[in-house]
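For the sequence shown, the tail end lands on 83 under this note's numbering, and the numbers increase by one without skipping.
See structure below.
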Amino acid sequence: MIKSTIILSGSKRYLKLFYDSLLPEQNFKNDKGFYEMNLEKDLKINITAKDVITYRAIVTNLAGLMSIVQKTWNLKNGK
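Here you go:
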């Protein structure tokens, strides 16, 4: 079993954008792996995977989605 946590910091608006964008994918849980999010002061993404291949798939998927969110944020906020 592999577990890790990604912690994002920033403004509430910034974190809410990530949370809302990643929430639909969170529902695709299976017996091999999944992630769960907790939005408080920071956004915590807890990843659980049965094996390395599943872990890599989850992290790759998250990184791709997070990249889209970051690019959108940068365009809308002039960064």
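Ideal Cβ placement from N, Cα and C applies to all residues, glycine included.
Task: Cβ shell of I6 (< 6 angstroms), same chain only, five flanking positions each side left out - done: A53, Y59
- [ ] Quick one: using the 10 Å Cβ neighbour count with 16 as the cut-off for buried, is L79 buried or exposed?
- [x] exposed
Open item on the list: Quick check: S8 and N65, are their CB atoms within less than 9 angstroms of each other?
Closed with: no
Open item on the list: By the three-class DSSP mapping on this structure, what secondary structure does M41 have?
Closed with: strand
TODO: For the stretch 67-82 and the stretch 33-47, state whether three or more C-beta atom pairs, one from each stretch, are separated by less than 8 angstroms.
DONE: no
Task: Residue of L47, E29, I72 minimising C-alpha distance to A61 - done: E29
Task: Residue environment, F32, which counts as buried when at least 16 other CB atoms sit within 10 Å - done: exposed
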